[in-house]
Amino acid sequence: MNRLLCDFRVVGPIQTNCYFLYHEDTRECLIIDPGFEEDTIEEYVRRKELKPIGILLTHGHFDHMVAANEVREKFGVKIYAGAAEKEIMADGAQNVSAQFTSPVTLEADEWLEDGQEVTFLGQTMRCIYTPGHTAGGVCYYFGKEGILFSGDTLFQESVGRTDFPTGSMQQLIRSVREKLFPLPDGVKVYPGHGMMTTIGHEKNFNPFIGAEQS
Ligand SMILES: [Zn+2]
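Numbering (my numbering), first residue to last: 63 to 276.
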């Protein structure tokens, strides 16, 4: 059997979804967007007897990465992020931490390029650049499993805000149309906030992307 399970905890003041994607048998686990509450994350990992193998960051906003360094040190794993997000992660003003808490910066261990594939949990994961919410934001696609972690790019019947540094609504809409909507309708979308959805549902009901032609 090669079965992956996906679960999450809502962490921190902005109710960020921190996901755990893990293999049912081996218990190997990826942690996506450990925004806050390293204790909550550690408790979940221990209780489920998971073995973390890496941390994926969809983008550098503080509410998705504040606990990442502690989780990395705790479990001795690497942090993966989009290479184009490097500057935002290194700048407390751009990653909005300075505005909400105190400035936080973070350096990933592996900087991924657009379309780069990495094998995790016995499957191919593809990093898809989806600029718009931030300049270097990415989605993570597990094609065999039909799962997409969409960060703050695509939400259930909504999209991420674009009024933070490097944001662009025009770019975000283009990213969703050109990079995400071509994925199969049945792909499950796990967003950075709120409820999960599917590509097919969003193609039909997302009012921000809509049917108007670019
Ligand atoms: Zn964000």
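Glycine included, every Cβ here is placed at the ideal spot set by N, Cα and C. This one's a predicted model, so the numbers in the text were calculated from it and none came from an experiment.
- Beyond the five residues adjoining it in sequence on each side, threonine 186 comes within less than 8 Å, by CB distance, of Glu179, Val180, Phe204, Gly205 and Lys206 in the same chain, given in chain order.
- When distances are taken from the beta-carbon of glycine 198 to the heavy atoms of ligand 1, even the shortest one reaches 8 Å or more.
- Straight across, the Cα-Cα distance linking valine 72 with proline 114 is about 18 Å.
- Between glycine 144 and lysine 136, the alpha-carbon positions lie close to 22 Å from each other.
- Between threonine 163 and phenylalanine 226, the beta carbon gap of about 15 Å keeps them out of contact (Cβ cut-off 8 Å).
- Methionine 127 counts as buried, since at least 16 other C-beta atoms from the protein chains shown sit within 10 angstroms of its C-beta.
- In this structure, the CA atom of glutamine 218 is about 31 Å from the CA atom of threonine 88.
- In the three-state DSSP reduction, leucine 245 falls in the coil class, being neither helix nor strand.
- Asparagine 266 has its alpha-carbon roughly 32 Å from the corresponding atom of isoleucine 117.
- Per DSSP, the beta bridge partners of aspartate 69 are Phe82.
- Counting only runs of 4 or more residues that sit fully inside the region 159-209, the alpha helix (DSSP H) segments are 159-162, in chain order.
- Taking 8 Å as the cut-off, one finds no heavy atom of ligand 1 near enough to the beta carbon of histidine 263.
- With a contact defined as Cβ atoms closer than 8 Å, glycine 229 and glycine 194 qualify at about 7 Å.
- Below 8 Å, too few C-beta pairs join the region 145-157 and the region 92-100 to call them touching: fewer than three.
- DSSP, reduced to helix, strand and coil, places phenylalanine 98 outside both helices and strands of the structure shown, so it counts as coil.
- Under DSSP, phenylalanine 211 shares a beta bridge with Tyr202 and Tyr252.
- Each of His123 and Asp214 has a C-beta closer than 5 Å to some heavy atom of ligand 1; these make up the full list, in chain order.
- Put simply, the backbone Cα of valine 133 is about 19 Å away from that of phenylalanine 211.
- The C-beta distance from leucine 112 to cysteine 91 rounds to 4 Å, short enough to meet the 8 Å contact threshold.
- For serine 230, the three-state secondary structure derived from DSSP is coil.
- A direct Cα-to-Cα measurement between valine 139 and aspartate 69 gives close to 19 Å.
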